[in-house]
Amino acid sequence: MTVNETLAQASNAMVYGAITVFTGSMVAFSISLAKGRRLEALETSAQRTTASHQVRMGSTETLIKPAVSTSVSVDGGRGEGRRAGNIGMALTWLGTILLGLAITFRGLSVGRWPLGNMYEFSLAAGFAVSLVYCVMSLTRDLRWLGLFITIPVLLNLGSAITVLYAESAQLVPALNSYWLLIHVAAATVCIGAFTVGAALSGLYLVAQAAEDRVTNGLAPGRSAAIAQRVPAADRLDLLAYRIHAFMFPIWTFAVIAGAIWAEAAWGRYWGWDPKETWAFITWVFYAAYLHARATVGWRGRKAAYIALAGYGAIIFNYFIVNIYVQGLHSYSGL
Amino acid sequence: METLRWLWRQLTSMRIALILLFLLALASVPGSIFPQRGTSPLRVNEFLKDNPTSGPILDRLYMFDVFASPWFASIYLLLFISLMGCVLPRAVEHYKEMRGLPPEAPRNLSRLPVHLQWNSNSAADQVIKETQIAWSKRGWRVRTGDDWVSAEKGYSRETGNLLFHLSLLVLLIAVGVGGIAGFRGNVIVREGSGFANNVTQYDTFTSGRSYSADKLPPISFKLENFISSFQRGGQQNGAPREFYADLLVKDDPSAEPREFRVEVNHPLRTAGITVYLVGHGYAPEFTIRDATGNVLWQDAAVFLPQDAGFTSSGVVKIPDTVPQLGLQGYFLPTVSADFSNGPISEFPAADDPGVYISAWQGDLGLDSGMPQSVYRLDTKNMERIGIEELAPGETWTLPNSGMTVEFTGYRQWATFAITRDPAKGWALGAAISSIVGLSLSLLIPRRRAWLRVTPAAGGGNLFEVAGLSKTEAPGLADEISHLANLVNTKKEN
């Protein structure tokens, strides 16, 4: 099987296109945040809970949903911030599509699943992050989150084309298995969703800090600049929890699929290879997060830090273990 | 006794479980930083040689056997005791709940997170009876009183939670049993040579405490052909592209031999054992004759690859001559244009093979009683008599003895890992049921709903429907409003 150079080059062009478009959406989201409607006074989660969570109605027909609202602006006005946010959203969709095409062309150019080296994983991970964000934005207003998604996507794509780039080529034999698709695709989707989760947990910590200052009668402080432009802390926390809770079984599946593949390829399903070890550490952190969130004295800020530690383990596993640690998973292509 | 109870309460508390989880993550870290005996014993030896002071201290702290260390084991055993101490009482409780009915409706429904009310002239008992049927149909477990309905659903959330934790316990046991009742060995087989499943044939062999090596199933195979190919040109020049081993397998001594192709990701599974292809290399063939032309030695010697170009090093030992003879050197699958960097192969495929060998005379040291590597020459009591480059077919006449060394060609060899893990299926089953349990426990919402009817001040009845989510799943209000719609009252007043 030879490499189709035209398609390989088309893929590269798409990646550059996606980077350009995501840069545009980052700028648009920044403008949207900067000009976005400031909440006049920072409302704390506690105040809002008493106001809106108790739904008392005269009849079922007029029931108001007390579901988690993620809308920031109260009146949904048509300010400049809103327009910029819409542009950012549209550009994010376009960038996601371009990246999807880049991955497709890359796969077609070599006639295999394009998940064979770090450059290809990075494209897939960037695609997963932006796709998860886009899909989530279908059912709720997430324009305020856009900036915190496009930044990691751009950093990732930038490192992909500069440091991790590998020419289109065939696979090393160890990767020649349908488990490549199952295991790596599941892991990549998880990385994408956990990136969104980490952004939310990080924003939650900032928002919570600002709210705590208000509750304690202090000036909102620097964190308020962000906190005023995103939903209240408890909403951020809940949204982060839902993502993590939804992804944790899938992460478990990704690890188990890897174990099944390892059994077929290396003769054991678990061997504490560095990559396996860090996948395990990641798993333990997210398991701890889910438990912490159900434990008095740990929920809230401590739980959010644990989620961020789990994400740190993912990043460590991806960049440090892949490149610097000798192990069986040495497929970086570098 | 009081202290013990206190300790037990502490151990089974969520706080301690969380701390143990962190310790488990933290304890795994050195296992990814330091080389581990289980996976790369050679790198451990290298590390110990390079770090003569810190090495032995780290070794005493089990830094090279992290996952088999007593402190790692104590963390996960405490974690599992804590887990069981938490899960088993919950299992009992859940069993009772599953068999029982939801608790009675609370007196004041208006305090609940979702609450709806309306007035109607409908009669209480009729509405309650109909509501019981309607809610049951929607999968709720329903209990009724004189003027209330209490319903609950989502029991499988807790079932899933318990299933997940019990699966982890089964998984841990399966891992342990697999280690005790299994074995793992490595063997190098050259093209044209065979292997019979017998401990003496293995290059390395480790087995669990309860596995005795005489239970090895009597399979045998011959390596007929080994094929390898590599990327030519481009950024990944020389990267392996495919390799496979064609075997002639006899599943037991009396069986008909059958052909089987072992590839990476495609092992041979037979008689409870699995045969994996894990490595390959070259074995140059030599014919060594004495001065009169009698053949002293004729075979293919396994040389071990040293780099990505498959520059391979190895030795040949001839103990039958006086003085004894040893050859030491390199096999290069593709001889490079210049030797300025020493003998280094340019490409892993055998495009232009050659050997670069030195001959040694003296005492091989085989009789000293010390175990010796077959890949190393102990030159302490030997003297080098010459060094030569040979292409296939070329013969080198050794100085002063008249002996000749002919490099006749090469064969390929493959390393096979042969393993048995009788608990593998249990581990897989436990892993699958853990995902099922996890999904149930994280995605199924557990909810309660109530209906209460009270006589209204101005005649008729006040109907109240309320709901409570025991989890953070969205959609409670929708569901409760739907339940309220199922309460069949005449909309009056």
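Sequence lines, in order, name chains A and B.
Residues in the first sequence are numbered consecutively from 408, following my numbering.
Residues in the second sequence are numbered consecutively from 10, following my numbering.
Every residue gets a Cβ at the ideal spot worked out from N, C-alpha and C, and that includes glycine.
Chain A contact residues for residue i, given Cβ-Cβ distances below 8 angstroms
i, result
"Lys-433/B", "Glu-670 and Tyr-676"
"Val-24/B", "For the sequence presented, residue 24/B should be read as Arg rather than Val. Within 8 angstroms Cβ-Cβ: Thr-702, Gly-704 and Trp-705."
"Thr-428/B", "Gly-674 and Arg-675"
"Asn-274/B", "Pro-580, Ala-581, Asn-583, Ser-584, Trp-586, Trp-668, Ala-671 and Ala-672"
"Gln-307/B", "Here the premise fails: no neighbours, minimum Cβ distance about 33 angstroms."
"Gln-45/B", "Trp-679"
Chain-ordered neighbours of residue i on chain B, where CB pairs are closer than 8 angstroms
i, result
"Tyr-648/A", "Glu-481"
"Leu-645/A", "Glu-481"
"Ala-497/A", "Per Cβ cutoff of 8 angstroms: no residues; Ala-497/A is ~27 angstroms from chain B at best."
"Ala-699/A", "Leu-27"
Chain B residues whose Cβ lies nearer than 7 angstroms to that of residue i
i, result
"Val-732/A", "Ser-41"
"Val-579/A", "Ala-248 and Pro-249"
"Pro-681/A", "Ser-41"
"Phe-660/A", "Ile-444"
"Ala-652/A", "Leu-451"
"Ala-695/A", "Leu-27, Leu-30 and Phe-31"
Endpoints, alpha helix (DSSP H) assigned at residue i
i, result
"Pro-39/B", "23 to 42"
"His-491/B", "485 to 495"
"Tyr-253/B", "Where Tyr-253/B is concerned, there is no enclosing alpha helix (DSSP H), although the beta strand (DSSP E) it sits in stretches over 249 to 259."
"Phe-692/A", "681 to 699"
"Gln-19/B", "11 to 20"
"Phe-660/A", "640 to 673"
"Tyr-743/A", "Since the first residue of chain A shown is 408 and the last is 741, residue 743/A is not available in this structure."
"Ala-309/B", "Run containing Ala-309/B: none in the alpha helix (DSSP H); it sits in the beta strand (DSSP E), 304 to 309."
"Ile-727/A", "Careful: Ile-727/A lies outside any alpha helix (DSSP H) and carries neither H nor E."
Run of the beta strand (DSSP E) containing residue i, from where it starts to where it stops
i, result
"Gln-416/A", "Where Gln-416/A is concerned, there is no enclosing beta strand (DSSP E), although the alpha helix (DSSP H) it sits in stretches over 412 to 442."
"Pro-293/B", "282 to 298"
"Asp-619/A", "Per DSSP, Asp-619/A belongs to no beta strand (DSSP E); it is in the alpha helix (DSSP H), 592 to 622."
"Thr-388/B", "Taken as a continuous stretch (DSSP letters only), Thr-388/B belongs to no beta strand (DSSP E), as it is neither H nor E."
"Thr-168/B", "Careful: Thr-168/B lies outside any beta strand (DSSP E), inside the alpha helix (DSSP H) at 164 to 190."
"Phe-235/B", "229 to 239"
"Ala-205/B", "203 to 205"
"Ile-366/B", "363 to 371"
"Ala-423/B", "413 to 429"
Chain-ordered chain A contacts of residue i [CB-CB under 9 angstroms]
i, result
"Gln-315/B", "Those within 9 angstroms of Gln-315/B in chain A number zero; the least Cβ separation is about 16 angstroms."
"Ser-37/B", "Trp-679, Thr-684, Trp-685, Phe-687, Ile-688 and Val-691"
"Tyr-365/B", "Correct list: empty, because the minimum Cβ distance to chain A is about 28 angstroms."
Within chain B, partners of residue i - CB distance below 9 angstroms
i, result
"Phe-655/A", "Leu-447 and Leu-451"
"Asp-619/A", "Those do not exist, as Asp-619/A stays about 21 angstroms from chain B at its closest Cβ, beyond 9 angstroms."
"Ile-728/A", "The residue you asked about is not Ile; residue 728/A is Val in the sequence shown. Per Cβ cutoff of 9 angstroms: Ser-41."
"Val-536/A", "Under the 9 angstroms cutoff, chain B gives no residues; its nearest Cβ is about 22 angstroms from Val-536/A."
"Ile-663/A", "Leu-437, Ala-440, Ile-441, Ser-443 and Ile-444"
Whole-number beta carbon distance between residue j and residue i, since they are thought to touch under 8 angstroms
i, j, result
"Gly-203/B", "Lys-231/B", "4 angstroms"
"Trp-586/A", "Ile-667/A", "7 angstroms"
"Glu-415/B", "Thr-296/B", "4 angstroms"
"Ala-617/A", "Gly-628/A", "6 angstroms"
"Ala-425/A", "Val-517/A", "That pair is no contact at about 19 angstroms."
"Gly-599/A", "Ala-647/A", "Not really, about 15 angstroms apart at Cβ, beyond 8 angstroms."
"Ala-475/B", "Leu-121/B", "4 angstroms"
"Glu-473/B", "Leu-118/B", "5 angstroms"
Heavy atom of the ligand ATP within 7 angstroms of residue i beta-carbon
i, result
"Ile-90/B", "Only the bare structure without any ligand can be found here, which leaves the ligand ATP out of the picture."
Chain-ordered neighbours of residue i on chain A, where CB pairs are closer than 7 angstroms
i, result
"Gly-243/B", "Glu-574 and Ala-576"
"Ala-34/B", "Ile-688, Val-691 and Phe-692"
"Ala-436/B", "Tyr-676"
Three-pair Cβ contact test at 8 angstroms for the stretch 713 to 726 of chain A versus the stretch 604 to 613 of chain A
yes
Give a yes or no on contact between the stretch 140 to 158 of chain B and the stretch 390 to 400 of chain B, applying the rule of three or more CB pairs nearer than 8 angstroms.
no
Is it a yes or a no for the stretch 667 to 687 of chain A touching the stretch 630 to 646 of chain A, going by three-plus beta-carbon pairs under 8 angstroms?
no
Unbroken stretches of the beta strand (DSSP E), 3 residues or longer, contained in the stretch 432 to 490 of chain B:
456 to 464 and 470 to 478
Could you say if the stretch 421 to 441 of chain B and the stretch 184 to 197 of chain B meet the contact criterion of at least three C-beta pairs nearer than 8 angstroms?
yes
Quick check: the stretch 458 to 473 of chain B against the stretch 213 to 233 of chain B, are at least 3 beta-carbon pairs closer than 8 angstroms?
no
Restricting to runs no shorter than 4 residues, where is the alpha helix (DSSP H) found entirely within the stretch 494 to 577 of chain A?
525 to 544 and 553 to 569
Quick one: any contact between the stretch 490 to 500 of chain A and the stretch 529 to 547 of chain A, if contact means 3 or more CB pairs under 8 angstroms?
yes
Counting pairs of Cβ atoms below 8 angstroms between the stretch 22 to 37 of chain B and the stretch 75 to 90 of chain B, do you hit three or more?
yes
Entirely within the stretch 85 to 141 of chain B and at least 3 residues each: give me those beta strand (DSSP E) ranges in chain order.
123 to 129
Does the stretch 274 to 282 of chain B come close enough to the stretch 223 to 230 of chain B that 3 or more CB-CB pairs lie under 8 angstroms?
yes
Do three or more CB pairs link the stretch 487 to 499 of chain B to the stretch 127 to 144 of chain B at distances below 8 angstroms?
yes
Hey, is the stretch 10 to 19 of chain B in contact with the stretch 171 to 182 of chain B, meaning 3+ C-beta pairs nearer than 8 angstroms?
no
Short-range partners of chain C found in the stretch 221 to 242 of chain B, where Cβ spacing is below 8 angstroms
Annotation note: the requested chain C is absent from the structure, which comprises protein chains A and B.
Beta strand (DSSP E) runs wholly inside the stretch 36 to 81 of chain B, at least 3 long, in chain order:
none
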